[in-house]
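Residue numbers for the sequence shown, in the working numbering: 631 to 860.
Glycine is no exception: its CB is placed at the ideal position from the N, C-alpha and C atoms.
Working notes, structure below.
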Amino acid sequence: MNCDAREQNLTQGNVASRRALELGPDLAEAHLASGLVHSLSTRFTEAEREFEFAMKLDPTLFEAVYHYGRARTAQGEFSEAAKLFEKACLLRPEDFQAPFFLAQCFVSMGMKEESRTMYRKAKRLIDERLELNPDDARACQLGASTAARLGDNEAAADFSRRALTINPDDPLLLYNVSCMYALVGNSDEALSCLEKAVDKGYGQKDWVAHDTDLDSLRDLPRFQRIVEGM
């Protein structure tokens, strides 16, 4: 049932993005919207073409650069993704998501010191964001994984509790809480949260395949069954 809802959302998004392109073929935002739909549908060649065109039309459009980085990450192209996230960090210095995913790229590239520096930056920006908006579930969920990467398991658990209090049924939130539990070595809770995330509609199998936060789970039969069922 959740899969059907997800497919319906993608279909609606595809219709909306096509309409936006018809109305504004020279608008960077229209090509960004099209790129997002292609990326979520794992049509990465089409997504990259749209993101690049959006960036050509508006080189300062943060969302195009950021989501292009996400698409590269989903394909395991961490070096290219890192360049895009670095640019995104410059375009919007107050954003906490770009440095978080840049840190993840550095982990995948074996750049431990660089990743730790960037996680610290992400943590600072997350804290600043939550001072302004304590109910930002996205900041809380990325804060959980960031704290876990920095070895502060107590803070990681606190971030997760806050996120789940705000939006307990959000599939992306549940996925990120699963990442936090995997990072702190609690595989049972990690797998339970991942199962819930998939049940609620999380379906980015390509992202799961390259997410280093979940590496401790990959050899577990239960994890493999969850991924196979996505």
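The three-state secondary structure of D800, taken from DSSP, is coil.
The beta carbons of L687 and D656 sit closer together than 8 Å. In the three-state scheme derived from DSSP, where H, G and I count as helix and E and B as strand, N816 is classed as coil. Nearest in C-alpha terms to E819, of all of A663, V737, L847, is L847.
Three or more pairs of CB atoms, one per stretch, sit closer than 8 Å, so the segment 768-786 contacts the segment 801-820. Residues of the same chain with a CB within less than 6 Å of the CB of K717, apart from the 5 flanking positions on each side, are V695 in chain order.
CA-CA distance, K751 to Q854, rounds to 33 Å. Between F674 and A701, the CB-CB gap stays under 8 Å. Inter-segment contact for the segment 755-764 and the segment 716-733 is present: three or more beta-carbon pairs are separated by less than 8 Å. Excluding five sequence positions before and after N797, the CB atoms of its chain that fall closer than 7 Å to its own CB belong to A767, L803, given in chain order. When the beta-carbon positions are compared, S822 and L850 stay at least 8 Å from each other. Beyond the five residues adjoining it in sequence on each side, D843 comes within less than 7 Å, by CB distance, of S775, C809, A812, L813 in the same chain, given in chain order. V838 is positioned such that its CB atom lies no closer than 8 Å to that of G859.
E682 and E676 have their C-alpha atoms roughly 10 Å apart.
Burial state of D841 is buried, judged by a 10 Å Cβ sphere holding 16 or more other Cβ atoms. Secondary structure at G706: coil, using DSSP grouped into helix, strand and coil. DSSP, reduced to helix, strand and coil, places T747 within a helical segment of the structure shown.
In the structure shown, the three-state DSSP call for G699 is helix. At a Cβ-Cβ threshold of 8 Å, L662 and E693 count as neighbours.
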